[in-house]
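Trainee: I am attaching a structure below and will ask some questions about it afterwards.
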Amino acid sequence: MHRPPPAIGTGFAAAILTTALLTQACEARPVARGAVTRPEKSANPGSDWNGSWQMDASGGPPGARIMFDPKHAYLEPDPSPGDLSFGPMAGSKLTDVPYKPEYQRAYDEIVQKTKEGLPTDGVAAGCRPYGMPRVMSGNPYGFEIIVKPELVAMVFDVDTRMIHTDGRKHPTGDGVNYTWDGHSIGRWEGTTLLIDTVAMYAGNYDQTNPPHSDQIHVTERLHLLDHDTLQNDITVEDPVMLVRPWQVTRIYKRSPIKWPDKAISNCGPDDSVEMVGGHQNLILPSERGDQ
1 MHRPPPAIGT
11 GFAAAILTTA
21 LLTQACEARP
31 VARGAVTRPE
41 KSANPGSDWN
51 GSWQMDASGG
61 PPGARIMFDP
71 KHAYLEPDPS
81 PGDLSFGPMA
91 GSKLTDVPYK
101 PEYQRAYDEI
111 VQKTKEGLPT
121 DGVAAGCRPY
131 GMPRVMSGNP
141 YGFEIIVKPE
151 LVAMVFDVDT
161 RMIHTDGRKH
171 PTGDGVNYTW
181 DGHSIGRWEG
191 TTLLIDTVAM
201 YAGNYDQTNP
211 PHSDQIHVTE
221 RLHLLDHDTL
231 QNDITVEDPV
241 MLVRPWQVTR
251 IYKRSPIKWP
261 DKAISNCGPD
271 DSVEMVGGHQ
281 NLILPSERGD
291 Q
């Protein structure tokens with residue numbers, strides 16, 4: 001029996017229905033492994049941080065901007081105030097550091113020696129990195145932040161911090177490798193970067209030479225207050241020297257030049273650094289006997 005052709009309207013509707021069903025089936029079908037797909041666009045929480053940042057006094061006097069805790073700093077009067085890039089006057093010091101009594105006495109002796117004209121801190125004048133946590137406050141040139149999906153890099157003139165945000169843990173046992181800037185891991189909590197740093201050499205907090213041990217543990221909470229202001233809430237734990245955790249807030253201001261030329265390092269072509277007893281010591285040409 002010959003079946004008559006369907007009406008034009010009925011066939012057109014059937015074609016639309018068939019196309020819709022095929023489209024649904026293709027969308028529901030799982031994509032084969034290795035197939036190229038368009039990734040979903042997701043914003044990096046710290047993408048606005050990229051660029052150059054400068055140290056701020058964080059509520060303390062302007063001359064205290066490269067002291068670790070500007071809000072609790074005593075500055076010795078400067079008879080000829082001017083460029084403070086090379087540090088505060090001898091006799092300046094941090095106050096309210098939660099030191100154990102013996103380490104407070106040791107720090108007081110260091111400060112007194114500087115007033116008597118004896119140098120105690122060769123970090124700023126030598127090639128040794130500032131180290132953590134001093135580098136987050138003591139570098140007068142500021143630093144650059146580079147944010148990647150699994151890493152945040154902080155680049156200073158003689159230090160570089162690599163903050164791993166890929167979920168890894170701190171090394172343990174024989175895998176622990178002490179460095180000046182330690183081993184840093186981080187995670188994003190919304191738009192706040194939480195950083196945990198361990199395995200740092202014994203060092204000092206700023207140019208007035210308040211000491212810390214190699215058992216120091218530093219945690220940080222970094223977040224933007226506004227587009228041009230980055231706040232760092234730092235907590236320092238040192239079971240050797242401190243009686244309690246020490247909390248310090250640092251403020252960094254965005255530089256108008258996003259990627260400036262890097263500041264000149266203190267290291268010259270004739271300077272060298274060697275490791276002595278787990279610490280880097282600057283060896284000058286005169287000490288090598290090659291002048």
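Quick note on numbering: the sequence shown equals residues 1 to 291 in this note's numbering.
Built from N, CA and C at the ideal position, the CB exists for glycine as well.
If we ignore side chains and look at the alpha-carbon of each, how far apart do Val152 and Gly131 end up?
Mentor: Between Val152 and Gly131, the C-alpha separation is close to 17 Å.
Trainee: Looking at the structure shown, is Gly182 part of a helix, part of a strand, or coil, going by DSSP?
Mentor: Here Gly182 sits in coil by DSSP.
Trainee: Over what stretch of residues does the alpha helix (DSSP H) that includes Met136 continue unbroken?
Mentor: Segment 135 to 138, the alpha helix (DSSP H) holding Met136.
Trainee: Distance check for Tyr74 and Thr95, CA to CA, integer angstroms please.
Mentor: Distance between the alpha carbons of Thr95 and Tyr74 is about 7 Å.
Trainee: Which whole-angstrom value describes the C-beta separation of Met200 and Gly173, a residue pair presumed to lie in contact below a C-beta threshold of 8 Å?
Mentor: In fact, because the Cβ distance is near 18 Å, the residues do not count as touching under 8 Å.
Trainee: Should Ile145 and Asn50 be called a contact, given that it needs their Cβ atoms to be closer than 8 Å?
Mentor: The answer is yes: Cβ separation under 8 Å.
Trainee: Please name the residue or residues paired with Gln247 in a DSSP beta bridge.
Mentor: Per DSSP, Thr235.
Trainee: Report the residue from Thr120, Pro61, Val97 whose alpha carbon sits nearest the alpha carbon of Ala90.
Mentor: Answer by Cα proximity: Thr120.
Trainee: When burial is assigned at 16 or more other CB atoms within 10 Å of the CB, is Trp180 buried or exposed?
Mentor: Buried, because 16 or more other Cβ atoms sit within 10 Å of the Cβ of Trp180.
Trainee: Under a three-way DSSP split, which group does Ile110 fall into?
Mentor: Correct three-state label for Ile110: helix.
Trainee: If you draw a straight line from the C-alpha of Pro133 to the C-alpha of Asn44, how long is it?
Mentor: Each residue's Cα considered, the two are about 26 Å apart.
Trainee: Under 8 Å, do His223 and Met241 count as touching if we go by C-beta distance?
Mentor: Not closer than 8 Å, so no.
Trainee: Looking only at DSSP bridge pairs, what is Tyr99 linked to?
Mentor: Answer is Leu242, bridged to Tyr99.
Trainee: Take Arg221 as the anchor and find which of Ser52, Arg254, Ser184, Pro88 has the nearest alpha-carbon.
Mentor: It is Ser184 whose Cα lies nearest to the Cα of Arg221.
Trainee: Count the other CB atoms within 10 Å of the CB of Ser47; is the residue buried (16 or more) or exposed (fewer)?
Mentor: Exposed, because fewer than 16 other Cβ atoms sit within 10 Å of the Cβ of Ser47.
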